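Each remark here refers to the structure printed beneath this line.
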Amino acid sequence: MQTLDKPLEKSLDDSLIIAGRKFHSRLMTGTGKYRNFDEMRQSIAASGCEIVTVAVRRVQTNAPGHEGLAEAIDWSKIWMLPNTAGCQTAEDAIRVARLGREMAKLLGQEDNNFVKLEVIPDAKYLLPDPIGTLEAAEQLVKEGFAVLPYVNADPLLAKRLEEVGCATVMPLGSPIGSGQGIRNAANIQIIIENAKIPIVVDAGIGTPSEAAQAMELGADALLINTAIAQAANPAAMARAMNLATEAGRLAYQAGRIPVKAYASASSPVTGRINS
Numbered sequence: 032m033q034t035l036d037k038p039l040e041k042s043l044d045d046s047l048i049i050a051g052r053k054f055h056s057r058l059m060t061g062t063g064k065y066r067n068f069d070e071m072r073q074s075i076a077a078s079g080c081e082i083v084t085v086a087v088r089r090v091q092t093n094a095p096g097h098e099g100l101a102e103a104i105d106w107s108k109i110w111m112l113p114n115t116a117g118c119q120t121a122e123d124a125i126r127v128a129r130l131g132r133e134m135a136k137l138l139g140q141e142d143n144n145f146v147k148l149e150v151i152p153d154a155k156y157l158l159p160d161p162i163g164t165l166e167a168a169e170q171l172v173k174e175g176f177a178v179l180p181y182v183n184a185d186p187l188l189a190k191r192l193e194e195v196g197c198a199t200v201m202p203l204g205s206p207i208g209s210g211q212g213i214r215n216a217a218n219i220q221i222i223i224e225n226a227k228i229p230i231v232v233d234a235g236i237g238t239p240s241e242a243a244q245a246m247e248l249g250a251d252a253l254l255i256n257t258a259i260a261q262a263a264n265p266a267a268m269a270r271a272m273n274l275a276t277e278a279g280r281l282a283y284q285a286g287r288i289p290v291k292a293y294a295s296a297s298s299p300v301t302g303r304i305n306s
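Take the sequence shown: its letters are residues 32 to 306, numbered as in the numbering used here.
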């Protein structure tokens, strides 16, 4: 095997740290929309992810496709990210977040205080409520949660959420499950440039090239669910997203060349043979 030189070794030793906890993978995945648990487990393994998000409300109510979900994953190896999907108000999200923390404890993660905060009153476009999200985030931070809020790509809201103590901010690339890719790259880049906490691009990514694009912008991590779960071969897509996440991160660290309006020869013009 070829030995990596020291600069590349350094860049590859690149952990993601959220609320003081270290993760080696920068790809997070979900548990929804899979055709069956076998495909879900194979995809989680193929993705190399260490964080998997779970809809607390759907598990608690045994919603279709979620019966037995909590027991279907080995939580000694995967860090659970309970989410408040289905909550339309701040009050509801706070209540479900508390249930999620208890669920994580029951499954052996005693020190897990993570919550992916979703407050979504809009059933058609599934766009998050900025006011309700901020209200819920403030309360949950006070209660000791590591809050990972899902938001529109709004730089001012992202900074406010950071200021109230959120562990990350998770701006959407485009609407949930839409597969439209990164439709708001400029705003996401502003959020990244102004953040002192990890930025996780969540929702809308449909292909590995879009995953790489998000990481090349400087995102610290990605959360991808539908694009994997609904692929013709979920495990293969999970592996592709894993590779794209790594490639995008490494490309961002390497530093791309400037974009120019004119050509620039690869070979020097000095010393060439004249006819």
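Where is the CB? At the ideal position from N, CA and C, for every residue including glycine. Remember, it's a predicted structure, so these values are computed and weren't measured experimentally.
Quick one: complete alpha helix (DSSP H) runs, 4+ long, within the segment 106 to 161?
121 to 137
Looking at the structure shown, is Leu274 part of a helix, part of a strand, or coil, going by DSSP?
On the sequence shown, position 243 is the one that residue 274 refers to. Helix, per DSSP.
By DSSP, does Thr60 sit in helix, in strand, or in coil?
If you number the sequence shown from 1, residue 60 lands on position 29. Note: Thr60 maps to strand in three-state DSSP.
Distance, Cα to Cα, Trp110 vs Ser297?
Sequence index remark: in the sequence shown, residue 110 carries index 79 (1-based). Sequence index remark: in the sequence shown, residue 297 carries index 266 (1-based). When rounded, the distance between both Cα atoms is 47 Å.
Would you mind giving the Cβ-Cβ distance between Gly279 and Ala234, rounded to the nearest angstrom? I have them listed as a contact below 8 Å.
Taking the first residue of the sequence shown as 1, we reach residue 279 at position 248. Taking the first residue of the sequence shown as 1, we reach residue 234 at position 203. At roughly 17 Å, the Cβ-Cβ gap does not stay under 8 Å, so Gly279 and Ala234 are not in contact.
Hey, is the segment 159 to 178 in contact with the segment 56 to 76, meaning 3+ C-beta pairs nearer than 8 Å?
no
Distance between Ala294 and Val150 (C-alpha atoms, nearest Å):
By one-based count along the sequence shown, residue 150 stands at place 119. By one-based count along the sequence shown, residue 294 stands at place 263. Taking the straight line from one Cα to the other gives about 48 Å.
In whole angstroms, what separates the C-alpha of Val83 from that of Ile255?
Taking the sequence shown and counting its residues from 1, the one referred to as residue 83 is at position 52. Taking the sequence shown and counting its residues from 1, the one referred to as residue 255 is at position 224. Their Cα atoms are separated by approximately 10 Å.
So, with DSSP's three-state summary, where would you put Tyr283?
As a first step, residue 283 must be located in the sequence shown, where it is residue number 252. The answer is helix: DSSP assigns Tyr283 an H, G or I state.
In terms of alpha-carbon separation, which member of Ala189, Phe176, Ser240 lies closest to Ile213?
The count along the sequence shown starts at 1 and reaches residue 213 at position 182. Residue Ser240 is the option with its Cα nearest to Ile213.
Report yes if the C-beta distance between Leu138 and Met272 is below 8 Å; otherwise report no.
Residue numbering aside, residue 138 sits at position 107 when the sequence shown is read from its first letter. Residue numbering aside, residue 272 sits at position 241 when the sequence shown is read from its first letter. Result no, Cβ atoms of Leu138 and Met272 do not sit closer than 8 Å.
For Asp45, the first and last residue of its enclosing alpha helix (DSSP H)
Counted from its first residue, the sequence shown places residue 45 at position 14. It is not in any alpha helix (DSSP H) - Asp45 carries neither H nor E in the DSSP assignment.
If contact is defined by three or more beta carbon pairs under 8 Å, each pair taking one atom from either stretch, is the segment 141 to 158 in contact with the segment 196 to 207?
yes
Determine the extent of the beta strand (DSSP E) in which Phe54 is found, giving its start and end residues.
By 1-based counting over the sequence shown, the position of residue 54 is 23. Unbroken beta strand (DSSP E) run through Phe54: 52 to 54.
Could you tell me the alpha carbon to alpha carbon distance between Lys173 and Gly249, rounded to whole angstroms?
Counting from one through the sequence shown, the residue named residue 173 turns up at place 142. Counting from one through the sequence shown, the residue named residue 249 turns up at place 218. Spanning the two alpha carbons is a distance of roughly 29 Å.
How would you write the range of the beta strand (DSSP E) that Leu203 sits in, first residue to last?
Counting from 1 along the sequence shown, the entry for residue 203 is found at position 172. Unbroken run through Leu203: none, as it is neither H nor E.
For Ala184 and Asn215, the rounded distance between their alpha carbons:
Numbered from 1 along the sequence shown, position 184 holds the residue referred to as residue 215. Numbered from 1 along the sequence shown, position 153 holds the residue referred to as residue 184. Approximately 7 Å between the Cα atoms of the pair.
Test item: CB-CB of Ala266 and Ser74 under 8 Å:
Along the sequence shown, one-based indexing puts residue 266 at 235. Along the sequence shown, one-based indexing puts residue 74 at 43. For Ala266 and Ser74, yes; Cβs fall inside 8 Å.
Between the alpha carbons of Lys64 and Ile222, how many angstroms are there, rounded?
Here residue 64 corresponds to residue number 33 of the sequence shown, with the count starting at 1. Here residue 222 corresponds to residue number 191 of the sequence shown, with the count starting at 1. In a straight line, the C-alpha of Lys64 is about 29 Å away from that of Ile222.
According to DSSP, is Leu253 helix, strand or coil?
Translated into the one-based positions of the sequence shown, residue 253 becomes position 222. The answer is strand: DSSP assigns Leu253 an E or B state.
Relative to the C-alpha of Glu133, which candidate in Ser46, Arg88, Glu194, Met246 has its C-alpha closest?
In the sequence shown, the residue the question calls residue 133 occupies position 102. For the residues Ser46, Arg88, Glu194, Met246, the minimum Cα distance to Glu133 belongs to Arg88.
Straight-line CA distance for Ala262 to Ala168?
Taking the sequence shown and counting its residues from 1, the one referred to as residue 262 is at position 231. Taking the sequence shown and counting its residues from 1, the one referred to as residue 168 is at position 137. If I take the Cα positions, the gap works out to 33 Å.
Using only the alpha-carbon positions, how far apart do Val195 and Gly99 sit?
As a first step, residue 195 is located in the sequence shown; it is residue number 164 there, counting from the start. As a first step, residue 99 is located in the sequence shown; it is residue number 68 there, counting from the start. The alpha-carbon atoms of Val195 and Gly99 are separated by roughly 35 Å.
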